[in-house]
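Under mature numbering (1 follows the signal peptide of the UniProt record, and there is no 0), the letters of the sequence shown match residues -24 to -1, 1 to 192, in that order.
Notes for the one structure printed next.
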Amino acid sequence: MAPSLNILSVMAIALVICVQGTLGEIACEHLDQDTCAYAISSAGKRCVLEKRVKRTGEEAYTCRTSEIEADRLRNWIETDECIKACGLDRKSLGISTDSLLESSFAQQLCSPQCYDSCPNVVDLYFNLAAAEGVFLPKLCEAQEGSARRGLMADIKSSGFVAPGQLHPVKYTVAPAPIKPVKYTVAPAPVEPLKYTVAPAPVEPLKYTVAPAMSPY
């Protein structure tokens, strides 16, 4: 079923392009839900897809002309390649800046495949961003820097660190080798000397001669 729908979508786009080439103009009200979003009428007005629910509960899509003008673009049906490269959806309803707040969408919008090859999409979101006070090229620069930092974080977490800038190597003089310490056995502790009081010096004895006694 899906391949059949894809074939029908391609045939519808081819039919619109043929009509465009034959009549030279596109009217949004004549486009179906597979060609309306991101299309530009012959008057330079952007087409918007709208959805309504019938009384039976069935959803119905209609394409109408908006008041948003495209910059130097006329009679434009966006290609499938740009729809895919820019992360768009042909069933997108209306025109809103909400998608610019999504990091994944901004990355696809700023990718070379979209930004350099899909002028209609870039013109649309350039003006939408400007209405919010955002300069789209600056937003893309920020996205590129964020993607680069994310890549570096992934590389570091995986263990493969990219080589950084080489810095001059500073050399310092190595200290002289430490000589081994020689240990010697400490002498046994000296016992304290005990002192005794010397006796007083002995005085020499003095002898006296006894007088001779008379026999009588």
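Positions of the beta carbon are idealized from the N, C-alpha and C atoms, including for glycine.
Only a predicted model underlies this, so the values are computations on that prediction, with no experimental measurement involved.
Residue span of the alpha helix (DSSP H) that contains Tyr101, given as start and end
Annotation for Tyr101: the continuous alpha helix (DSSP H) segment containing it runs Pro95 to Ala107.
By the three-class DSSP mapping on this structure, what secondary structure does Ala15 have?
Coil at Ala15, not helix or strand.
Under three-state DSSP, which class holds Ser80?
The answer is helix: DSSP assigns Ser80 an H, G or I state.
Kindly list the residues whose CB is nearer than 8 Å to the CB of Glu120, restricted to its own chain and excluding five residues on each side of it in sequence; keep chain order.
Cys86, listed in sequence order.
Host alpha helix (DSSP H) of Ala61 (start-end):
Per DSSP, the continuous alpha helix (DSSP H) segment holding Ala61 begins and ends at Asp56 to Ala61.
Are at least three pairs of beta-carbons, each pair with one atom in the region 46 to 66 and one in the region 30 to 37, less than 8 Å apart?
Touching, no.
May I have the straight-line CA-CA distance separating Gln83 from Cys116, to the nearest angstrom?
Here the alpha carbon of Gln83 sits roughly 8 Å from the alpha carbon of Cys116.
Three-way DSSP call (helix, strand, coil) for Lys27 in this model:
Strand.
Would the region 49 to 56 count as touching the region 4 to 19 if we require 3 or more Cβ pairs under 8 Å?
Cβ pair count under 8 Å is three or more, so yes.
Take Ile2 and list the residues in its own chain whose beta-carbon comes closer than 6 Å to its own, dropping the five residues that flank it on each side.
Around Ile2: Gln(-5), Ser17, Ser18 and Asn51.
Assign Gly126 to one of two classes, buried (16 or more other C-beta atoms within 10 Å of its C-beta) or exposed (fewer than that).
Note that Gly126 scores a pLDDT of 43, beneath 50, so its modelled location is shaky and nothing firm can be said.
Using 7 Å as the threshold, is the C-beta distance between Lys21 and Thr41 below it?
The Cβ atoms of Lys21 and Thr41 sit closer than 7 Å to each other.
Can you name the residues that DSSP bridges to Tyr91?
Beta-bridge pairing links Tyr91 to no other residue.
Determine the burial state of Ile29: buried for a count of at least 16 other Cβ atoms within 10 Å of its Cβ, exposed for fewer.
Per the sequence shown, residue 29 should be read as Val rather than Ile. By the neighbour-count rule (16 or more Cβ atoms within 10 Å), Val29 is not buried but exposed.
Return the CA-CA distance between Lys114 and Arg31, expressed in angstroms with no decimal places.
Cα to Cα, the separation comes out at about 47 Å.
Three-way DSSP call (helix, strand, coil) for His6 in this model
Helix, per DSSP.
Excluding the five sequence neighbours on either side, which residues of its own chain have a C-beta within less than 6 Å of the C-beta of Thr73, listed in chain order?
Correct list, in chain order: Leu104 and Glu108.
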